[in-house]
Every structure is written in C-alpha cells, then in structure tokens.
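To keep things clear, I will list the structure first and then write my remarks on it.
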Amino acid sequence: MTATIRHEIVIEASPEHIWDVLRDVGAVHERLLPGRVIDTRLDGDERFLTFPDGHVIRELIVAIDDDSRCLTYSVVEGARPPLEHHHASFEVHPEGDERGRLIWTTNVLPHTRAAEVRVRIEHGAREMKQAIEAAVDPCCPIGGTARSR
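Shown next as structure tokens:
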C-alpha cells in the first residue's frame, strides 16, 4: 500500500501567478526552486532536475491542466530517499483575491519512507513559497505583475 502525503501552504501571490510558475516546467531552477535546483532540462515528457551536488532526478510530466491548475508528475529515477514508486501533483486554489493555496499531494512506496519524504516536501514547499512571493512585483498588488524572469 502506498503512503499519501498531503501538504498545503498559502502563498502571498495570486493563484494565476503561482500557477504560471508551477506550469513553467522547464524553469524550476529559475522560478520555483532557484539555488536548490541548478538546472532543468526537458526531453519530451521527461524533466531532468540537477542539484548543486550533481545529483539528477528524472521525472515524467504526466499532465498539466490549466483549467484546474493541476500539474501531475512522477519521479522515475534518482529519488532521494530511494523509492519504488513516486507520483505527485500540485494544485493551486484561490485563497481570497490576493493569495493562493498550493496543495502538494504525493504517493510513495515503500510507505516506510513517508516520514522522510514528508520532511523534504515541507521544506520544499517553504522554499517554493519564498521564491514565488519574491517574484511578485512590490509596486503592484499582491499577485500583480511578476518581475522579469
């Protein structure tokens, strides 16, 4: 049986801006996790994330649904900790007019790795929040025009 990890975080940016960053699957190193990821490469439906220590994770981008603001992906190689199965999704929902709620749901096998994966997800979500909020132009209302990419 897989373990399901669900983490929610409110981000001080419009849902449209949050979704724009998430759906930009080739710019993780620039827009979503700068510093944590140093390079992103796309090859068809696969995404390769390179970390500062040279470690590479290969992911399959399963779906990008603009209507529901949902991105689904799976780590197929290089997961840390090592996993038999990884399937995850990001959803963005409005949280009032000026902020959005990011919901990150992840299913992993073996279930005994869930606690370690949860810690990584919580840390990653905080880093994503920080990067997304930092990219909102301070001269505009929350969720306004993003700074240049």
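If you want this note's numbering, it's the 1-based position in the sequence shown plus 568.
Just so you know, even glycine gets a beta-carbon here, dropped at the ideal spot from N, CA and C.
Asked	Found
Per the contact definition of three or more C-beta pairs closer than 8 Å, is the stretch 689-701 in contact with the stretch 572-580?	yes
Suppose only complete runs of 4+ residues qualify. What are the alpha helix (DSSP H) ranges in the stretch 604-655, listed by chain order?	none
Cα separation between Glu684 and Val704?	31 Å
With distances taken Cα to Cα, identify the nearest neighbour of Gly664 among Asp634, Ile573 and Glu584.	Glu584
By the 10 Å Cβ neighbour count, where 16 or more other Cβ atoms means buried, how is His654 classified, buried or exposed?	buried
Run the CB neighbour count on Thr713, radius 10 Å, all protein chains shown included, and call it buried at 16 or more, exposed below.	Because the pLDDT at Thr713 is just 43, under 50, the model does not fix this residue reliably, and the value given afterwards should be weighed accordingly. The residue is exposed, with fewer than 16 neighbouring Cβ atoms inside 10 Å.
Kindly indicate which three-state DSSP category Leu590 falls into: helix, strand or coil?	helix
Please state whether the Cβ-Cβ distance between Thr674 and Arg574 is less than 9 Å.	yes
Let me confirm a value: Ala720 is counted as buried when at least 16 other C-beta atoms fall within 10 Å, else exposed. Which label applies?	Because the chain spans 569 through 717 in this model, residue 720 falls outside it and cannot be assessed.
Keeping to the same chain, check which residues put their C-beta closer than 7 Å to that of Asp613; ignore five residues upstream and five downstream.	Leu628 and Ile629
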